[in-house]
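Undergrad: Just so it is clear: in the sequence shown, position 602 is 602 by full-length UniProt numbering, and no numbers are missing.
My structure is below; once you've seen it, I'll send some questions.
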Amino acid sequence: MRTEYKVAFLFGGIGGGALGFKGARAEYMGAEARFRSLCSIDSDPVVCRNYEQITGGKAVQMDLFDRQQYIDFHGVDEPPKDWQEAEPWDLWNAFGEQVPDVIFTSPPCKGFSGLLPEKSASSKKYQALNLLTIRGIDLSLSACRDYGGELPRLFLLENVPRIMTRGKKILEKIKATLQKYGYAVNDETHDCGEIGGLGQRRKRYLLIARNEKRMPAFVYKPEIKPLKTIGDVIGPLPLPGDEINGGPSNRIPMLQRKTWERLAFIPAGGDWKALESVEFEQYRLEHIPRSGAWAVDDWNQPGRTVTGGAGVGRSNGLAAVNDPRTGFKDATHAAIYKVSRYEEASPTVTGAARPNNGALSVGDPRLKERANRHPGVYRIVKADEPAPCVTGTRFGSGALALADPRVNDRDGSRRSNGYTVRPWEEQAHTVTGEDTLGSGAQSVADPRLSPREGRYPGTYRVEDWKEASNTVLGQTDIQCGAASIGDPRLGCSPRSGSYGVQSWDETAATVTGAGDVHSGNAAIADPRIPEYNERCVMVIIAEDGTWHRPFTTYELAVGLQGFPRYLPDGRPFQIEGCSDAKAREYIGNAVPPDAAKGMANVILMAMVLSDQGVTFEFSWDPIWVQPERDEESQLVH
């Protein structure tokens, strides 16, 4: 016997939660169950179109603001004439005039996020946005009660953990309302990465309310799964820049040249703070004069040979000495040009005004900090460790970058992303809606080379002249497995021009049919180096041998958030109808499908047990929501 339970999504976004519920399954005593989505409600038309494209379900565009909330949020005197305030009847129509068994709501979290300054969070605009949380629940409960005659079995509210402090009063009202309607309520934080077995850590708040009359069975907590590394989830994906297999969302972000250079200097697992320890002097190309030039001989040691060209900087002979006789007078200030240590007590402060007559100086190690600077600015994560939480910040404000060991020299057209490089073998930070590394978007240390599917294991293999050869294949190309040999017999002459590099300001040699660097003048000394602030795609191999690069939008969605690689129509996963920055925002706001599936599986089993009349069972799993008990426990003798 198969049973379908109905689910509706408020503020459903691009459908991460819906995909998870769609894939959930439960079976008990021959009874099979799954979820059927009634609809998703969201105010953004682009989100609704992409929801339908990704999930295949119905999305309804509806603004749930009341009139005053609309005015406060948009900062207008009156809403537009064509705007209408949503009523319970509108939601009832959206539900298809059916009472959902589960309502999953994921309201806007920007007003609750710790990345938003407290002053902005307390403004009318964001307070109106926060009140949408209550407004959505009130409308849906009223629609089910007034027109359906019953209430949903389960209510889910997902948001950022900071809602427990910034939205404390709002949560108290929500809990009181749900308990008044007969719901047992539990709220706590959880890690979506552990519930879904993701490649990122994603801490979130979840309120789950169970209607005790319609659903007497307990809901147990989902299974905790091991976290994956970034390499586990991104390794099987197409290389960045491969838009044929990864679609347009797999473009490499276009960053400023200085940003690429910064990423290359930041070690995997580090961030912007590591830049202050870079020994940049070792990367300078300097003229090294002959040994002994500009030398200063020791006053207490014998001098070197005096040469005929004696002079400071002119020879390597004796020309200078460290003379201890400074000529200072007895009254000369003792602290001339003195630099005090930052961690030690200062000498006496005098009335001197300049360092050359006694004014004090200090070796100050502090960088120039800005107020509210994110602790993860310019952070580069190691490839073999789990990633910290992905935030919605810009790259220069805490977004992640990754030490990517893969090298791929294909051009891309993506815009700048930021300075955080995540290690390949670790979890990613929480995926955010930011699009630039300076805003908090992530980068990855990608160890993959660029193999083609079906390539023979003997590709580019060179046999030893003195050893037996491997099996001869029917291939004629060394890239496909044809054998090569290290032939010690010289005598061949490469054609003229092989590996030739032509000058930029001269006429080119004849273009031949074998226009390849191995067989002719097919290379150019190109003087066009990007300016410091010019956006481009660069492959700079960092000192750890990896390419420190930003994540592509495709990698954030499919690799870290767990969206499917392909859309239902067969195209690679992509968000349409918006800029890449907006697409990243939609992806970062989404509930990871695998995490939603983990929650949906235990909810589905509880519903099956309730319908089978099973209200109690032994289990080692902790209970998520159970009946409220007011009476105190008593010991019975």
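Using N, Cα and C, we set each Cβ at its ideal position, and we do this for glycine too.
If I follow the unbroken alpha helix (DSSP H) through K597, where does it start and stop?
TA: Locating residue 597 in the sequence shown gives position 597, counting from the first residue. P593 to D611 is the span of the alpha helix (DSSP H), which, as asked, contains K597.
Undergrad: If you scan the segment 108-172 from start to end, which runs of the beta strand (DSSP E) of 3 or more residues do you find wholly inside it?
TA: Segments of the beta strand (DSSP E) lying fully in the segment 108-172: 154-159.
Undergrad: Please list the terminal residues of the continuous beta strand (DSSP E) segment that includes Q442.
TA: Residue numbering aside, residue 442 sits at position 442 when the sequence shown is read from its first letter. Per DSSP, Q442 belongs to the beta strand (DSSP E) from Q442 to A445.
Undergrad: Nearest CA to the CA of E617: which residue from L567, G559, P216 and R448?
TA: Working through the sequence shown from its first residue, we reach residue 617 at position 617. When each option's Cα is compared against that of E617, the closest is P216.
Undergrad: R422: buried (16+ other C-beta within 10 angstroms of its C-beta) or exposed?
TA: Along the sequence shown, read from residue 1 onward, the residue named residue 422 stands at position 422. The residue in question, R422, is buried, as its Cβ has 16 or more Cβ neighbours within 10 Å.
Undergrad: Within its chain, find whatever has a CB closer than 7 Å to the CB of E585; leave out the 5 residues flanking it on each side and keep chain order.
TA: Mapped onto the sequence shown, residue 585 falls at position 585. Closer than 7 Å at Cβ, skipping near neighbours: G433.
Undergrad: Sort Y342, G577, I244 and R304 by Cα distance to R571 and report the nearest one.
TA: Looking up residue 571 in the sequence shown gives position 571. The residue with the shortest Cα to Cα distance from R571 is I244.
Undergrad: Expressed to the nearest angstrom, what Euclidean distance is found between the alpha-carbon atoms of N186 and R204?
TA: Working through the sequence shown from its first residue, we reach residue 186 at position 186. Working through the sequence shown from its first residue, we reach residue 204 at position 204. In a straight line, the C-alpha of N186 is about 14 Å away from that of R204.
Undergrad: Let me know if G182 comes out buried or exposed under the rule of 16 or more other beta-carbons within 10 Å of its beta-carbon.
TA: Your numbering for residue 182 matches position 182 in the sequence shown. Exposed: under 16 other Cβ atoms inside 10 Å.
Undergrad: Return the residue from the list Y499, G513 and R461 that minimises the CA-CA distance to S484.
TA: As a working note, residue 484 is residue 484 in the sequence shown. The shortest Cα separation from S484 among Y499, G513 and R461 belongs to R461.
Undergrad: From the DSSP output, in three-state form, read off T326 for me.
TA: Residue mapping note: residue 326 aligns to position 326 of the sequence shown, counting from 1. Coil at T326, not helix or strand.
Undergrad: Give me the residue from I380, V517 and R251 with the minimum Cα distance to D242.
TA: The residue you call residue 242 lines up with position 242 of the sequence shown. Among I380, V517 and R251, the Cα nearest to that of D242 is on R251.
Undergrad: Going by Cα to Cα distance, which pick from I71, I623 and C48 is closest to residue 664?
TA: In this structure the chain extends from 1 to 637, so residue 664 is not present and cannot be described.
Undergrad: Which residue marks the beginning of the alpha helix (DSSP H) containing T259, and which one marks its end?
TA: On the sequence shown, residue 259 is found 259 positions in, with the first residue counted as 1. Segment R257 to F265, the alpha helix (DSSP H) holding T259.
Undergrad: Find out if the Cβ-Cβ distance for the pair D42, G13 is shorter than 8 Å.
TA: Residue numbering aside, residue 42 sits at position 42 when the sequence shown is read from its first letter. Residue numbering aside, residue 13 sits at position 13 when the sequence shown is read from its first letter. It is a contact, given that the beta carbons lie within the stated cut-off.
Undergrad: Which residue marks the beginning of the beta strand (DSSP E) containing E194, and which one marks its end?
TA: Here the question's residue 194 lines up with position 194 in the sequence shown. It is not in any beta strand (DSSP E) - E194 instead sits in the alpha helix (DSSP H) that spans C192 to G196.
Undergrad: For S503, name the three-state secondary structure that DSSP assigns.
TA: Walking along the sequence shown from the start, residue 503 turns up at place 503. Here S503 sits in coil by DSSP.
Undergrad: Is it buried or exposed for Q68, if we count other Cβ within 10 angstroms and need 16 for buried?
TA: The residue labelled residue 68 in the question sits at position 68 within the sequence shown. By the 10 Å Cβ count, Q68 comes out exposed.
Undergrad: If you drop the 5 nearest sequence neighbours on each side, which residues of the same chain put their C-beta closer than 6 Å to that of N601?
TA: Position 601 of the sequence shown, counting from 1, holds the residue named residue 601. A24, listed in sequence order.
Undergrad: Measure the Cβ-Cβ separation of M599 and I195 and say whether it is below 8 Å.
TA: As a first step, residue 599 must be located in the sequence shown, where it is residue number 599. As a first step, residue 195 must be located in the sequence shown, where it is residue number 195. Cβ atoms of M599 and I195: closer than 8 Å.
Undergrad: With burial defined as no fewer than 16 other Cβ atoms inside 10 Å of the residue's Cβ, what is the status of W272: buried or exposed?
TA: In the sequence shown, the residue the question calls residue 272 occupies position 272. When all chains shown are included, W272 counts as buried.
Undergrad: So which of T507, G311 and K6 has the shortest CA-CA distance to N521?
TA: Walking along the sequence shown from the start, residue 521 turns up at place 521. Nearest C-alpha to N521: T507.
Undergrad: Checking 8 Å against the spacing of the C-beta atoms, do R153 and V102 come in under that value?
TA: Stepping through the sequence shown from its first residue, residue 153 is reached at position 153. Stepping through the sequence shown from its first residue, residue 102 is reached at position 102. Result yes, Cβ atoms of R153 and V102 sit closer than 8 Å.
Undergrad: Is G20 helix, strand or coil when you go by DSSP?
TA: Counted from its first residue, the sequence shown places residue 20 at position 20. Correct three-state label for G20: helix.
Undergrad: Take I524 as the anchor and find which of S503, P108 and Y126 has the nearest alpha-carbon.
TA: As a working note, residue 524 is residue 524 in the sequence shown. Among S503, P108 and Y126, the Cα nearest to that of I524 belongs to S503.
Undergrad: Using 10 angstroms around the beta-carbon of G16, count the other beta-carbons present and answer buried if the total reaches 16, otherwise exposed.
TA: Against the sequence shown, residue 16 aligns to sequence position 16. Buried: at least 16 other Cβ atoms inside 10 Å.
Undergrad: What residue does the alpha helix (DSSP H) around A94 start on, and which one ends it?
TA: Position 94 of the sequence shown holds residue 94. Run containing A94: P88 to A94, per the alpha helix (DSSP H) assignment.
Undergrad: Of the residues M254, R166 and R262, which one's Cα is nearest the Cα of K119?
TA: Counted from its first residue, the sequence shown places residue 119 at position 119. It is R166 whose Cα lies nearest to the Cα of K119.
Undergrad: If you check the beta carbons only, do A345 and P550 fall under 8 Å apart?
TA: Taking the first residue of the sequence shown as 1, we reach residue 345 at position 345. Taking the first residue of the sequence shown as 1, we reach residue 550 at position 550. Result no, Cβ atoms of A345 and P550 do not sit closer than 8 Å.
Undergrad: Are there 16 or more other CB atoms within 10 angstroms of the CB of V636, so buried, or fewer, so exposed?
TA: Here the question's residue 636 lines up with position 636 in the sequence shown. Confidence at V636 is low in this model, with a pLDDT of 44, below 50, so its placement is unreliable and the value that follows should be read with caution. It is exposed - the Cβ of V636 has fewer than 16 other Cβ atoms within 10 Å.
Undergrad: With a threshold of 6 Å on Cβ separation, who are the neighbours of R414 within its own chain once the five nearest residues in sequence on each side are excluded?
TA: Mapped onto the sequence shown, residue 414 falls at position 414. Reliability fails at R414, whose pLDDT of 41 lies under 50, so the model's placement of it is uncertain and the value that follows must be treated cautiously. Contacts found: R251, I252, P253 and M254.
Undergrad: What residues are listed by DSSP as bridge partners for L239?
TA: Counting from 1 along the sequence shown, the entry for residue 239 is found at position 239. Answer is none; L239 lacks a bridge partner.
Undergrad: Spatial neighbours of G412 within its chain, please: C-beta separation below 6 Å, excluding the five flanking residues on both sides.
TA: Here residue 412 refers to the residue found at position 412 when the sequence shown is read from its first residue. Residue confidence is low: G412 scores 46 on pLDDT, short of 50, so the model does not pin down where it sits. Its coordinate-derived value is still stated next. Counting only Cβ-Cβ distances below 6 Å, and skipping sequence neighbours, we find G241, R251, I252 and V537.
Undergrad: Within the same chain, show all residues whose beta-carbon is closer than 8 Å to that of D384, passing over the 5 residues directly before and after it, in chain order.
TA: Here residue 384 corresponds to residue number 384 of the sequence shown, with the count starting at 1. Correct list, in chain order: T229, G231, P423, W424, E425 and E426.
Undergrad: Applying the 10 Å Cβ sphere with the 16-neighbour rule, what's the burial state of V591?
TA: Position 591 of the sequence shown, counted from the first residue, corresponds to residue 591. By the neighbour-count rule (16 or more Cβ atoms within 10 Å), V591 is buried.
Undergrad: What is the rounded straight-line gap between the Cα of L237 and the Cα of T552?
TA: Position 237 of the sequence shown, counted from the first residue, corresponds to residue 237. Position 552 of the sequence shown, counted from the first residue, corresponds to residue 552. Their Cα atoms are separated by approximately 11 Å.
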